[in-house]
Every structure is written in structure tokens, then in C-alpha cells.
Amino acid sequence: MTEMLFPDDIARAAALLREGALVAFPTETVYGLGADATNDRAVAGVFAAKGRPSFNPLIVHVTDLRSARAIAVFDDTALMLAQAFWPGALTLVLPLRPEAGIAPLVSAGLPTIALRVPDHPLAMALLRACGKPIAAPSANPSGRISPTTAAHVAAGLNGKIAAILDGGPCPVGLESTIVSPQPSPSLLRPGGLPIDAIEALLGAPLEQRKDSETLNAPGQLASHYAPKASLRLNANRCAKEELLLGFGPVEADLNLSPSGNLIEAAANLFSHLHQLDTMNKPIAVSPIPQTGLGRAINDRLRRAAAPRGT
Ligand code: TXA
Ligand code: MG
2 MTEMLFPDDI ARAAALLREG ALVAFPTETV YGLGADATND RAVAGVFAAK
52 GRPSFNPLIV HVTDLRSARA IAVFDDTALM LAQAFWPGAL TLVLPLRPEA
102 GIAPLVSAGL PTIALRVPDH PLAMALLRAC GKPIAAPSAN PSGRISPTTA
152 AHVAAGLNGK IAAILDGGPC PVGLESTIVS PQPSPSLLRP GGLPIDAIEA
202 LLGAPLEQRK DSETLNAPGQ LASHYAPKAS LRLNANRCAK EELLLGFGPV
252 EADLNLSPSG NLIEAAANLF SHLHQLDTMN KPIAVSPIPQ TGLGRAINDR
302 LRRAAAPRGT
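This is the structure in C-alpha cells:
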């Protein structure tokens, strides 16, 4: 049985994590499936609960830059990015300090580690109460849609994890943007922090790593985030048997943002896909502009639409 916990139950959630149990918790991006990052068995439990291929490394969540620097080596670019955007929807992939005590399974044996400081009061309270870095991928079964409510987490993982800390819907609704500062600043995954903001700070465009170069960033696997039914993009009209996921002023079964607001669309993306997914019909999606958060939304939608079988 999975226990439902609420903001008053932070101490209980932290105690479970310290015992090596798995606790899903809200962040500003999506719900994470948390485990003590220094406990190999707990981390293994994450892969098991998600049914995730074991070569997918996890993101480690910490309370502040100081704790992050105890785990990874920051160069000047990394420091600048962390100071500008933490707490927030930016994950940095950095050289791991082997002596930091992070379970090797967390980084799937890679010499690097993905780190971020979440901008969410419950996530921060949990990290402080737990006193450990928390490894947490999105709290969904592998390859499925990321959860933005406690109910989404329960639908995918009920019975497989110790507890779910319910903090209401996630305000951003898209996973973090992943950047590797070295050897030159590169984008590994577009996400909740707009790329333009990062490039403005760096004063240069981010390199885009190709899939082959980021085979260890399975957010890059083709068929990820897949709903059960098929998905068709850039649909200006929709067939009788299809459900339309709209954007802008169109008549749709569900609309990401009737006013065409990309921030609202990002926050609605996964929950609308979840809802349509329960109806078991092919899904058509209105065109979404390739600007601001539209890039991350389109990236997720393309993966959801990719041929299955990976
Ligand atoms: O917003 C988020 O990032 C959420 C919340 C819970 O923080 N987490 C999340 O985790 O989306 P996950 O595991 O679903 O996606 C993490 C991505 C994966 O694509 C993983 O491969 C990549 O980060 N990653 C982790 N460590 C890496 C590393 N050392 N090198 C390259 N990619 C890495
Ligand atoms: Mg995920």
C-alpha cells in the first residue's frame, strides 16, 4: 500500500527516505520519485518501481549550491548558471566527486552527475528534513507521461512506492532544462527554464548535442512520454475517431491554452495528455509555435508521437 502524505507529514516523509524507502514529492517542474542518493538499494528501488532501463542516470536534488559543490566540480560557467537560476528548473550535468558518497547507480556509472535545487517549498522542506541529497527521476513508470499531480503519480506507481507527498499541481508542469557546461555549454534537454534566458546570461548560443552524443540522456530516447494511443502533431483539423488536443482559439476536446499562452500550455501538457490517454482514442494536437517554452513542449510531443518499441 502506498501511503498518502500531506504538507504536515514532512517529518514522516523524511524518515521514510532515510530508511531507504521511496517517496514521491512535488517540485516546481513535475513530481519526482525520491530516494536517498547515498543508498544504493534505495536507488535500485527507483529503477525497479519505474521499470526503467538501468542505463538511465537520475537527477540529484539538493538544498543549495554549497551542498551541490560537495557532490560535483563547478567551473565558472556552472557557478554562473547555478547562481542565476537556482533554485529553479535548471539541471546541471557536472563532473562527479567520487568521494561524495553518491550511489554509483544514480549516475549509472557515468563520471558525471546531474544536479539541481528545486524551487518548491515542500521539496525544499523535505530535503532539509531528510538531510541527504535526494535522487529523483520523474515519478512515472518508464517511458510514460510525467506526473504533475499526486493523482498522476498514484495512477502509475500505487503499490510500488512507500508514499506520495501531495503538494497539489506542479506550477511549471515541464521537466527541468538540462545543460552540460563542459566542454562547452550544451543543451541536453529543453525544459521548464527557457533556453533564451540561459543564452542571454551566457552571451552565446548553447550547443545542441545530437542524440548519438547523448545516449546517456534517455530523456532523448525517441519513444518517451508515450500515451497508450497514437499521437499526431501539427493537426489543423481532426478526424471523427480522433481526440483533439488544442492550442489557441480552436474547438478541441481539451485545450492546452485557449488564449495561446505557452506557459499555460506547458503547465497543462502532461495532465491533458493523461486525461486524453484514459479515453483510448488516437490523439491529434494543434500546431504549437517553436518559440520560448514551445520548443520544450514540441520536444515532448515529438517523443510522444515517435514510433513505439524502444
Ligand atoms: O524536472 C525534472 O528534471 C524532474 C524533477 C523530478 O526534478 N526530474 C526528471 O528526471 O525529469 P528524469 O530522470 O525523468 O530525467 C532526467 C534526465 C534523464 O534524461 C537522464 O538521462 C538525464 O537527466 N541525466 C541524468 N544524469 C545525467 C548525466 N550524468 N549525463 C547526462 N544526462 C543525465
Ligand atoms: Mg522522466
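Residue 2 is where the sequence shown starts when you use this note's numbering, and the numbers rise one by one after that.
For each residue, glycine too, the CB sits at the ideal point set by N, CA and C.
Quick caveat, the model's predicted, so the values are computed rather than measured.
Query, Result
"If Ala267 sits next to Pro191, beta carbons under 8 Å apart, how far is it from one beta carbon to the other, in whole angstroms?", "Actually they do not touch by this definition, with Cβ atoms about 11 Å apart."
"Quick one: Cα of Ala36 to Cα of Ile146, how far?", "20 Å"
"Per the contact definition of three or more C-beta pairs closer than 8 Å, is the region 41–54 in contact with the region 112–122?", "no"
"Given 7 Å as the limit, tell me if Leu59 has its C-beta closer than that to any heavy atom belonging to the ligand TXA.", "yes"
"In chain order, what residues of the same chain have a beta carbon less than 7 Å from the beta carbon of Leu106, not counting five sequence neighbours either side?", "Asp41, Val44, Ala45"
"From what residue to what residue does the beta strand (DSSP E) around Leu188 run?", "187–190"
"Going by beta carbon distance, what residues of the same chain come within less than 6 Å of Glu214, once the five residues before and after it are set aside?", "Since pLDDT at Glu214 reaches only 42, below the 50 mark, its modelled position is unreliable, and the value read off the structure follows with that caveat. None."
"Just the C-alpha distance for Ser143 and Leu59, rounded to the nearest angstrom, thanks.", "12 Å"
"Decide if the region 23–30 is in contact with the region 153–167; the criterion is three or more beta carbon pairs, one per stretch, under 8 Å apart.", "yes"
"Of the choices Leu127, Ile284, Pro250, Leu232, whose alpha-carbon is the least far from that of Leu18?", "Leu127"
"Who are the Cβ neighbours of Ile11 in its own chain at under 8 Å, not counting the five residues just before and after it?", "Leu123, Ala126, Leu127, Ala130, Leu166"
"Report back the beta-carbon spacing between Leu194 and Phe75 to the nearest angstrom; my notes put them in contact at under 8 Å.", "The Cβ separation is near 18 Å, so there is no contact."
"Roughly how many angstroms separate the alpha carbons of Ala16 and Gly132, rounded to a whole number?", "10 Å"
"Measuring only from the beta carbon, is Gly33 closer than 7 Å to any heavy atom that is part of the ligand TXA?", "yes"
"In this structure, how does DSSP classify His121 when only helix, strand and coil are distinguished?", "coil"
"Please confirm whether Pro182 and Ala79 have their CB atoms less than 8 Å apart.", "yes"
"CB-CB under 6 Å to Pro172, same chain, minus the five flanking residues each way: which ones, in chain order?", "Glu29"
"Which one or two residues does DSSP pair with His62 in a beta bridge?", "Arg117, Ile135"
"Mind checking Asp120: buried by the 16 CB within 10 Å criterion, or exposed?", "buried"
"Say the cut is 7 Å; is the CB of Leu158 nearer than that to a heavy atom of the ligand TXA?", "no"
"Leaving out five residues before and five after Leu234 in sequence, what residues of the same chain have Cβ atoms less than 6 Å from its Cβ?", "Val286, Leu302, Ala306"
"Within 10 angstroms of its Cβ, does Thr92 collect 16 or more other Cβ (buried), or is it exposed?", "buried"
"Apart from the five residues just before and just after Ala151, which ones in its own chain have a Cβ nearer than 6 Å to its Cβ?", "Ile165, Asp167"
"Kindly examine the ligand MG and report whether one of its heavy atoms sits closer than 7 Å to the Cβ of Ser272.", "no"
"Are any of the Cβ atoms in chain D nearer than 8 Å to that of Ala198?", "Of the chains in the structure shown, none is chain D; there is only one protein chain."
"Under 6 Å Cβ to Cβ from Leu232, same chain only, skipping five residues before and after it: list those, please.", "Ile284, Ala305, Ala306"
"Name the DSSP beta bridge partners of Ala45, please?", "Beta-bridge pairing links Ala45 to no other residue."
"Is it the case that the Cβ atoms of Gly160 and Asn141 are separated by a distance below 8 Å?", "no"
"Would Ala104 pass as a contact of Ala198 if the rule is Cβ separation under 8 Å?", "no"
"Find out if the Cβ-Cβ distance for the pair Asp278, Ala230 is shorter than 8 Å.", "yes"
"Could you give the C-beta distance for Leu95 and Ser108, rounded to a whole number, given that I count them as a contact under 8 Å?", "Contact flag wrong, Cβ pair sits at about 11 Å."
"Kindly indicate the opening and closing residues of the alpha helix (DSSP H) around Ile199.", "196–203"
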